[in-house]
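So the sequence lines, in the order shown, correspond to chains A and B.
Just so we're aligned: the first sequence equals residues 32 to 140 in the working numbering.
Just so we're aligned: the second sequence equals residues 32 to 140 in the working numbering.
The beta-carbon is built from N, C-alpha and C at its ideal position, and this holds for glycine as well.
The model shown is predicted, which means the values in this text are computed figures rather than measured ones.
There are 2 protein chains.
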Amino acid sequence: MKPPLTPLIEPALLIALRDGTSHGYDLADQIGEMLGIDRIDHGNLYRGLRRLEAEGIVTSQWNDDEPGRSKRTYALTEVGEALLAAWAESLRFTHERLTALLKNYERKP
Amino acid sequence: MKPPLTPLIEPALLIALRDGTSHGYDLADQIGEMLGIDRIDHGNLYRGLRRLEAEGIVTSQWNDDEPGRSKRTYALTEVGEALLAAWAESLRFTHERLTALLKNYERKP
DNA sequence: TGACATATGTGTGAGTTACATATATCTTCT
DNA sequence: AGAAGATATATGTAACTCACACATATGTCA
Chain A
32 MKPPLTPLIE PALLIALRDG TSHGYDLADQ IGEMLGIDRI DHGNLYRGLR
82 RLEAEGIVTS QWNDDEPGRS KRTYALTEVG EALLAAWAES LRFTHERLTA
132 LLKNYERKP
Chain B
32 MKPPLTPLIE PALLIALRDG TSHGYDLADQ IGEMLGIDRI DHGNLYRGLR
82 RLEAEGIVTS QWNDDEPGRS KRTYALTEVG EALLAAWAES LRFTHERLTA
132 LLKNYERKP
């Protein structure tokens, strides 16, 4: 019984980015905490970020200022902010449905 | 922006079956109403039901008593009831996470 | 040196989903 | 009677998603 959280990764990502620019590895941590997932799959996350960039949802640029492996820093575009607003509405709907579903389950028959 | 409701179809199905035996087409209606989905994909639903039967979650038998196309009537097994309880726990967790996510989004930055 | 954490990626096979199509029975409208 | 539409069960399939394994680079600490 796995909780269906994977479809929430994209909106969680956008919410994390709304609070400021960040890079993939750090975003994985933030999302993991938000969703209560121990391990976010990094491979798929980076692929997802590139897809979002191709769609104009986020932009990125390399950051070599700090020591260590170069980081690719992502930021939310205006299109991305609009998408997040749409996501929020859709999430509210899902939340409502989940509430109703659980209520239905918990009621005494 | 599609609400991620598809992963909730299986638990919704089990909840519907908990209230009594039913057949595929009718279950599609019940689930659709529970989840606020206009059209449940019948093809995949029937395939899903056969998968659940193979896994011992539900049982089925043909019902030719009523007029019209023969119906295959499904019922929840004990294994299925246990699975539903596990689903409920997992759904509660997802619900919590969704609540937190929306709260995070709605807070003023 | 070797292990581990940080950081960004590619490869891939299994499983899921959306959408189209087929078949059968019954009701309703024209 | 004929056509359309609802009820009911099912198959086919292309596209997509996901989990898991692997590759690569840099820095730290024992």
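{"Query": "Under 7 angstroms, Cβ to Cβ, is there at least one residue of chain B near A:PRO34?", "Result": "yes"}
{"Query": "What's the gap between the Cα of A:LEU44 and the Cα of B:LEU107?", "Result": "38 angstroms"}
{"Query": "Output, in chain order, the set of chain B residues within a Cβ distance shorter than 8 angstroms of A:THR130.", "Result": "HIS126"}
{"Query": "Per DSSP, A:VAL89 forms a beta bridge with which residues?", "Result": "A:LEU107"}
{"Query": "Could you check whether the Cβ of B:THR121 sits closer than 7 angstroms to any Cβ belonging to chain A?", "Result": "Going by the sequence as given, residue 121 of chain B is Ser instead of Thr. Chain A contact via Cβ: present."}
{"Query": "Report yes if the C-beta distance between B:HIS54 and B:THR104 is below 7 angstroms; otherwise report no.", "Result": "yes"}
{"Query": "Any contact of the segment 79-89 of chain B with the segment 107-116 of chain B, i.e. 3+ C-beta pairs under 8 angstroms?", "Result": "yes"}
{"Query": "Is A:ALA116 near the ligand SAM, judged by its Cβ being under 6 angstroms from some heavy atom?", "Result": "Inclusion of the ligand SAM in the displayed structure is not the case, the ligand content being empty and no account of it being possible."}
{"Query": "Per DSSP, which residues does B:SER53 bridge with? Please list them.", "Result": "B:TYR105"}
{"Query": "Which value, in whole angstroms, describes the spacing of the CA atoms of B:LEU66 and B:VAL89?", "Result": "21 angstroms"}
{"Query": "What in chain A is Cβ-close to B:ILE46, meaning under 9 angstroms?", "Result": "LEU132, ASN135 and TYR136"}
{"Query": "Rounded to whole angstroms, what's the CA-CA distance from B:GLN92 to A:LEU39? Just pull it up for me.", "Result": "38 angstroms"}
{"Query": "Counting only Cβ-Cβ distances shorter than 7 angstroms, please list the residues of the segment 60-73 of chain B near chain A, keeping chain order.", "Result": "MET65, LEU66 and GLY67"}
{"Query": "Taking Cβ positions, are B:SER121 and A:PRO34 nearer each other than 7 angstroms?", "Result": "yes"}
{"Query": "Within 7 angstroms (strictly less), CB to CB, does A:ALA106 reach chain B?", "Result": "no"}
{"Query": "Is the Cβ of B:TRP93 closer than 7 angstroms to any Cβ of chain A?", "Result": "no"}
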